[in-house]
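The letter at position 18 of the sequence shown is residue 18 when you use full-length UniProt numbering, and the numbering goes up by one with no holes.
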Amino acid sequence: MAHNVNVINIVIELTDNFTKILSKNELQRHPKLKLSGNGTGDRWANKKFNYTVIYSTGITRTYSENTENDYINDTLLNAFLENYRSVRNSGSISSIGNSSGIIGIFVHSVKQNIETRNIRANIKKEIKSRMCAMCDSYKEVECDHKNDLYNDKRVLILEEQSEEDFQPLCRRCNLQKRQHCIKEKETNKLYSGKQSQRYRSCTFEFPWEKKNFDINDPDCKKDTFWYDILEFDRKVHLYSIYWPIIKKIKCRKKGRGIKVQYLLDVL
């Protein structure tokens with residue numbers, strides 16, 4: 001315990017209470033904070049912090065319990081990158097590490113105890129071997145919880161998880177999904193597939209979509225676009241086939257409700 005407290009105190013002091021980016025050079029001076037040979041991953045500083053790593057390319061990656069709130073101020077990040085590039089161009093790059101890979105870390109805060117969202121190893125391996133359901137990329141594919149409200153306790157229990165609870169999303173698309181979820185919580189309104197450029201040519205509504213946002217309902221996101229992209233695609237395809245028939249039915253006042261509902265049930 002004393003060891004962990006010591007590490008926390010060191011980080012607080014070096015970052016001026018979580019307001020300063022730590023360069024790789026600074027980290028290398030402290031054995032307890034030194035980067036591993038293959039990057040930081042979740043091994044950095046004994047997993048005690050929420051943090052963002054900065055790459056020489058300017059790309060950042062956040063490892064945090066509070067992903068929706070933790071980010072680096074643009075002014076701070078740009079100043080750090082400008083200084084890095086200035087040193088690199090002067091030929092002194094050896095003083096701050098290699099010219100590629102991680103060049104700095106911004107620590108947001110100390111981790112708190114929260115409910116874990118572990119995924120069974122065999123499921124994660126299988127899902128990550130697939131292409132992104134959104135953009136077809138095989139790069140940086142993550143195992144995404146379809147239910148991003150995490151309010152279904154069954155899915156949080158390793159023994160009860162199934163592949164159907166997850167979908168493959170590349171990091172970029174997963175971040176998009178996360179941002180839409182944040183917006184849903186702010187507006188109390190579900191994201192509609194009609195808002196996606198993916199379906200810009202569709203002239204019909206998506207009647208299977210849920211309309212009401214209820215953060216306590218485990219099925220709140222089911223049948224929505226981001227919940228299961230491939231399944232949503234399937235429904236759009238089938239509905240597009242039935243759409244000419246549905247339009248004719250809607251023009252008929254008599255018996256309309258029963259027949260339309262039958263077609264929706266088929267989906």
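Built from N, CA and C at the ideal position, the CB exists for glycine as well. Only a predicted model underlies this, so the values are computations on that prediction, with no experimental measurement involved.
Q) Can you name, in chain order, every residue of its own chain whose Cβ lies under 6 Å from the Cβ of Val-11, other than the five neighbours on each side? A) Val-107
Q.
Considering Cα atoms alone, identify which of Asp-16, Val-141, Arg-198 and Asn-73 is closest to Glu-126.
A. Val-141
Q: Measure the C-alpha to C-alpha separation of Ala-133 and Leu-230 and round it to an integer number of angstroms.
A: If you take the alpha carbons of Ala-133 and Leu-230, they lie about 6 Å apart.
(Q) Using a 10 Å radius around the Cβ and a threshold of 16 neighbouring Cβ atoms, would you call Leu-169 buried or exposed? (A) So Leu-169 counts as buried.
Q: Look at Lys-210 and Cys-220 and say whether their C-beta atoms are less than 8 Å apart.
A: yes
Q: Please classify Asp-144: does DSSP put it in a helix, a strand, or coil?
A: Three-state result, Asp-144: strand.
Q. From Gly-58 to Ile-241, what does the alpha carbon distance come to, in whole angstroms?
A. 46 Å
(Q) Taking only three categories from DSSP, how would you classify Gln-161? (A) coil
Q) Once you ignore the five residues that flank Val-236 on each side, which residues in its own chain have a CB closer than 8 Å to its CB? A) Once the five neighbours on either side are set aside, the close Cβ partners of Val-236 are Gly-193, Tyr-199, Cys-202 and Phe-206.
Q: Assuming Arg-154 and Glu-163 form a contact by the criterion Cβ under 8 Å, report the distance between their Cβ atoms to the nearest whole angstrom.
A: Incorrect: roughly 14 Å between the Cβ atoms, too far for contact.
Q: Starting from the C-beta of Lys-185, find all residues in its chain whose C-beta is less than 6 Å away, skip the five residues before and the five after it, and write them out in chain order.
A: Counting only Cβ-Cβ distances below 6 Å, and skipping sequence neighbours, we find nothing.
Q) Does DSSP put Pro-168 in a helix, in a strand, or in coil? A) strand
Q) How many whole angstroms separate the CB atoms of Ile-103 and Ile-157, which I take to be in contact at a CB cut-off of 8 Å? A) Going by Cβ atoms, the distance from Ile-103 to Ile-157 rounds to 40 Å, so no, they are not a contact pair.
Q | Residues that DSSP places opposite Ser-23 in a beta bridge | A | Gly-104
(Q) Looking only at its chain, what residues have a beta carbon closer than 6 Å to the beta carbon of Asn-89, apart from the 5 residues adjacent to it on each side? (A) none
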